[in-house]
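Peer 1: Just so you know, the working numbering puts 1591 at position 97 of the sequence shown, and the rest follows in order with no gaps. Shown below is the structure under consideration.
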Amino acid sequence: MNQKMKVLSLLLLCLSLWTCKEESYIYEVNEVRVASSNTDKTKEKTKEQYLNIVYANLFQTALSPNKLVQASNVVESIGDKQVAYETILAKFMKEGNVVLPSNASMRADIPKFIIETYERFYVRKPTEAEKTFFVNYIESHPNITPEHIYFSFASSDEYYYY
1495 MNQKMKVLSL LLLCLSLWTC KEESYIYEVN EVRVASSNTD KTKEKTKEQY LNIVYANLFQ
1555 TALSPNKLVQ ASNVVESIGD KQVAYETILA KFMKEGNVVL PSNASMRADI PKFIIETYER
1615 FYVRKPTEAE KTFFVNYIES HPNITPEHIY FSFASSDEYY YY
């Protein structure tokens, strides 16, 4: 029995040495430059910065001092800054002279629309995951308009930071 244990142990040792043979594989992978999304945006925009920037992004013109004072008063009068910003944003969107692409233009080239929207509002290109999400979302929701997309970008957490 002692002899059988030695043979079995030797056999197991040989098997373990044989199966643990180190092999190296080389995978050829294309190097891809990955752009960061919003990781560098850590400073919150002031009330005035947010209002000026959102107005410029929507209307492609500067906010007048009078409108800035009125909008600032709205933010100060409402306790929740998020609610205040969304209220002002909704008012801006109803003014009618927001510079928007048409719904037909958006749907003609959704990836281009998404890239341009990211550059306009976030001053960066979207990641592939972000672009894919929005393309799929817009394609599967026929009632979504550029106005909805612009509102969502201007009221997003990332938009409040620079």
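Glycine included, C-beta positions come from ideal geometry on N, C-alpha and C.
If we ignore side chains and look at the alpha-carbon of each, how far apart do A1584 and V1577 end up?
Peer 2: Spanning the two alpha carbons is a distance of roughly 10 angstroms.
Peer 1: Using the three-state DSSP reduction, which class does E1538 fall into: helix, strand or coil?
Peer 2: DSSP places E1538 in strand when its eight states are reduced to three.
Peer 1: Just confirm the distance between the C-beta atoms of F1647 and V1593, as a whole number of angstroms; I'd bet it's less than 8 angstroms.
Peer 2: Not confirmed; about 14 angstroms, so no contact.
Peer 1: Output needed for F1607: all residues of its chain with C-beta closer than 6 angstroms, excluding positions within five of it in sequence on either side, in chain order.
Peer 2: The residues are M1600.
Peer 1: Going by the CB atoms, is the gap between K1575 and P1605 shorter than 8 angstroms?
Peer 2: Contact: no.
Peer 1: Within 8 angstroms (strictly less), CB to CB, does T1536 reach chain C?
Peer 2: No chain C appears in this structure, which consists of one protein chain only.
Peer 1: Alpha carbon to alpha carbon, what distance is there between Y1521 and V1548?
Peer 2: In a straight line, the C-alpha of V1548 is about 46 angstroms away from that of Y1521.
Peer 1: Locate the alpha helix (DSSP H) running through Q1653, then write down its first and last residues.
Peer 2: Note that residue 1653 is Tyr in the sequence shown, not Gln. No alpha helix (DSSP H) contains Y1653, which DSSP labels as neither H nor E.
Peer 1: Buried or exposed: where does T1611 fall if 16 or more other Cβ atoms within 10 Å of its Cβ makes it buried?
Peer 2: Buried.
Peer 1: When you compare each of I1572, V1629, N1591 to I1609 by their alpha carbons, which one comes out closest?
Peer 2: Residue V1629 is the option with its Cα nearest to I1609.
Peer 1: Starting from I1604, trace the alpha helix (DSSP H) in both directions and tell me its first and last residue.
Peer 2: 1604-1616 is the span of the alpha helix (DSSP H), which, as asked, contains I1604.
Peer 1: Would you mind stating whether K1539 and Y1656 have Cβ atoms separated by less than 8 angstroms?
Peer 2: Yes.
Peer 1: Quick check: F1615 and Y1654, are their CB atoms within less than 8 angstroms of each other?
Peer 2: For F1615 and Y1654, no; Cβs fall outside 8 angstroms.
Peer 1: With respect to the alpha helix (DSSP H) encompassing L1583, which residues constitute its N-terminal and C-terminal limits?
Peer 2: Residues 1575-1588.
Peer 1: Who are the near neighbours of P1640 in its chain, counting only those whose CB is closer than 6 angstroms to its CB and skipping five residues on each side?
Peer 2: Around P1640: L1594, P1595, M1600.
Peer 1: Distance, Cα to Cα, Q1564 vs S1650?
Peer 2: Cα to Cα, the separation comes out at about 22 angstroms.
Peer 1: Find the nearest neighbour of V1617 within the set E1633, K1535, N1546, V1523, judged by alpha-carbon distance.
Peer 2: Nearest C-alpha to V1617: K1535.
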